[in-house]
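For reference, the structure is listed below as structure tokens.
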Amino acid sequence: MPRPSRYTDIAESLEARIHKGEFKAGDKLPTHYELCAEYQVGYTTVAKAIAILRDRGLVYGIAPLGVFVAD
């Protein structure tokens, strides 16, 4: 069975952190660059992970303020 992509792993990790309450509704997520450093991946990988969370309705972006956890 193929291993999930790194961006999928990151999306699942962030989703778990949201569900555990580490990030609550209205909280701003760390910046893309902070997440790059935390997960030791490139910007595009983090952007894809955030896009998955956005598609799932878990986060929303407000340019240029950042990405926030949805209610």
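According to UniProt numbering, the sequence shown is numbered sequentially starting from 1. Each residue gets a CB set at the ideal place from its N, CA and C atoms; glycine is no exception. Since the model is a prediction, treat every value here as computed from it, not as a measurement.
Buried versus exposed call for Leu-65 [16 or more other C-beta atoms within 10 Å across all chains shown]: Per the 10 Å Cβ criterion, exposed.
Sequence-distant residues of its chain with Cβ nearer than 8 Å to Leu-29 (five each side left out): Contacts found: Leu-14, Phe-23, Leu-35, Ile-50, Val-59, Gly-66, Val-67, Phe-68 and Val-69.
Where Val-46 falls: helix, strand or coil (DSSP): Assigned with DSSP and collapsed to three states, Val-46 falls in helix.
Close-in-space but distant-in-sequence residues of the same chain around Tyr-39 (CB under 6 Å, 5 per side omitted): Answer for Tyr-39: Ile-10, listed in chain order.
Residues near Gly-21 in its chain [Cβ-Cβ closer than 7 Å; skip 5 each side]: When the five nearest sequence neighbours on each side are left out, no beta carbon in the same chain lies closer than 7 Å to the beta carbon of Gly-21.
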